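Enquirer: Starting off with a structure, shown below.
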Ligand code: C2O
Ligand code: CU
Ligand code: CU
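Numbering (full-length UniProt numbering), first residue to last: 87 to 506.
Rendered as structure tokens:
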């Protein structure tokens with residue numbers, strides 16, 4: 087056994103207290119700390135050994151969102167860990183470089199546990215990401231940006247049960263990496279932001295206060311084939327994107343805001359001027375084939391409907407004892423995902439599928455937006471939308487698909503597929 091290809095992490099859920107606002111402490115959850123968690127850094131080809139420990143007073147599970155691993159280590163609701171329980175997770179990284187994340191997935195309790203702070207990141211690297219000429223100095227020009235919204239009561243406390251909303255709990259205060267009014271200090275060079283929508287329910291429309299364009303370089307499951315110039319980027323809960331912002335024209339002292347619509351998310355402060363060359367990014371980042379076979383009869387149809395406690399997929403609510411769909415490993419399928427626009431104008435549901443990275447073939451019969459022409463595990467479904475995706479499972483077992491509005495998931499907007 088070659089130890090150089092093995093990587094070990096211990097991840098422990100714990101409860102604690104965190105001061106977000108005016109120094110007041112509120113009770114929170116975290117992985118290896120009191121809020122959020124570490125970055126698990128893994129490389130394609132490595133054998134990963136995770137020891138997971140639950141120090142909470144309630145069941146949890148450890149779900150690795152975006153990893154293509156067998157279902158017995160995927161950490162869905164089938165794999166609860168009791169208080170003081172522990173489990174080991176062993177797998178080999180068989181997928182390309184990407185920014186993934188992890189969070190709990192216990193049946194009916196995901197919304198509250200994530201809200202209280204359980205979320206961490208997984209950086210997968212590979213030979214391509216090692217060699218690409220992109221910003222990659224952690225904390226210097228390459229930053230994790232986990233965006234969440236929280237509501238603080240008059241005592242500056244989290245109070246999930248009081249503010250829980252069946253259609254998705256939203257707060258009035260934005261946090262980045264657990265911080266209110268966050269800023270980063272950088273040189274006037276290209277910087278890379280690994281954006282993660284870690285919110286229970288809020289959709290973000292990211293843009294820059296300078297109204298300058300930025301480049302999206304990666305979607306959920308890896309690099310796009312080429313950088314895509316954008317002025318606004320939407321991320322729904324569970325989605326990730328990596329963007330590069332070019333600050334080389336800016337003087338020392340300049341502040342650029344990352345915005346959500348008109349709200350400030352993050353201040354980017356230029357604090358050092360260097361002679362950086364203006365904006366060149368690699369022209370080619372990846373080689374994903376996009377020659378799809380258009381089919382008129384999809385292999386599977388998945389229909390999201392309802393709101394509140396009436397949410398359903400294909401007319402049913404989650405039942406752990408019922409298999410909803412079946413598939414075979416190594417078989418490419420076309421799935422049609424519908425958001426049945428049936429109540430009060432409807433709402434956006436983020437569709438997420440475990441165990442794979444899929445491709446978006448079209449949206450409503452129209453060509454997939456350039457920044458979605460890459461590997462995806464979570465996509466926005468607008469009211470009335472019909473999206474075709476191409477799915478191929480490489481691992482056997484039982485995998486979840488669900489709405490990533492966590493209260494919808496907890497209310498049963500989830501199904502399971504058995505892969506043989
Ligand atoms: Cu990010 Cu089934 O979840
Ligand atoms: Cu997932
Ligand atoms: Cu939903």
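Cβ coordinates follow ideal geometry from the N, Cα and C atoms, glycine included. These numbers come from a predicted model, not from an experiment.
What does the alpha-carbon distance come out to for the pair residue 226 and residue 272?
Expert: If you take the alpha carbons of residue 226 and residue 272, they lie about 6 Å apart.
Enquirer: Ordered along the chain, which non-local residues of its own chain (more than five positions away) have a Cβ less than 6 Å from that of residue 347?
Expert: 291, listed in sequence order.
Enquirer: Buried or exposed: residue 409, going by 16 or more other Cβ atoms within 10 Å of its Cβ?
Expert: Residue 409 comes out exposed.
Enquirer: Return the CA-CA distance between residue 112 and residue 449, expressed in angstroms with no decimal places.
Expert: Rounded to whole angstroms, residue 112 to residue 449 spans 42 Å at the Cα level.
Enquirer: Identify which residue in 150, 131, 176, 475 has its Cα closest to the Cα of residue 378.
Expert: Selected option, being the one with the closest Cα: 475.
Enquirer: List in chain order: all unbroken beta strand (DSSP E) runs of 3+ residues lying wholly within the UniProt domain "Plastocyanin-like" (393–506).
Expert: Listed in chain order, they are 411–413, 419–425, 435–439, 445–449, 464–467, 472–477, 483–489, 500–505.
Enquirer: Output the boundary residues of the beta strand (DSSP E) element that contains residue 276.
Expert: Element bounds for residue 276: 276–283.
Enquirer: Cβ-heavy atom distance between residue 499 and ligand 3 below 7 Å?
Expert: Result yes, Cβ under 7 Å from ligand 3.
Enquirer: Going by other Cβ atoms of all chains shown within 10 Å of its Cβ, with 16 needed for buried, is residue 508 buried or exposed?
Expert: Within the shown structure, residues of the chain are numbered from 87 to 506, placing residue 508 beyond reach of any answer.
Enquirer: Taking its Cβ as the centre, do 16 or more other Cβ atoms sit within 10 Å of residue 170, making it buried, or is it exposed?
Expert: By the neighbour-count rule (16 or more Cβ atoms within 10 Å), residue 170 is not buried but exposed.
Enquirer: Classify residue 64 as helix, strand or coil using the three-state DSSP reduction.
Expert: The structure shown does not extend to residue 64, since the chain is modelled only from 87 through 506, so no value can be given for it.
Enquirer: What whole-angstrom Cβ distance do residue 490 and residue 397 have, given they're in contact under 8 Å?
Expert: Rounded, the Cβ-Cβ distance is 12 Å, inconsistent with contact.
Enquirer: Under 8 Å Cβ to Cβ from residue 354, same chain only, skipping five residues before and after it: list those, please.
Expert: The residues are 269, 270, 272, 277, 331, 333, 341, 342, 343, 344.
Enquirer: Around the C-beta of residue 360, are 16 or more other C-beta atoms found within 10 angstroms, so that it is buried, or is it exposed?
Expert: Under this definition residue 360 is an exposed residue.
Enquirer: Which residues does DSSP list as the beta-bridge partners of residue 330?
Expert: DSSP lists 278, 301 as partners of residue 330.
Enquirer: Looking at C-alpha atoms only, which residue of 339, 317, 371, 178 is the closest neighbour of residue 219?
Expert: The shortest Cα separation from residue 219 among 339, 317, 371, 178 belongs to 371.
Enquirer: Kindly list the residues whose CB is nearer than 6 Å to the CB of residue 198, restricted to its own chain and excluding five residues on each side of it in sequence; keep chain order.
Expert: 246, listed in sequence order.
Enquirer: Using the three-state DSSP reduction, which class does residue 314 fall into: helix, strand or coil?
Expert: In this structure, residue 314 counts as strand in the three-state DSSP scheme.
Enquirer: Could I get the ranges of all uninterrupted alpha helix (DSSP H) runs contained in the UniProt domain "Plastocyanin-like" (100–214), with 4 residues as the minimum, in chain order?
Expert: As far as the UniProt domain "Plastocyanin-like" (100–214) is concerned, its whole alpha helix (DSSP H) runs of at least 4 residues are 196–201.
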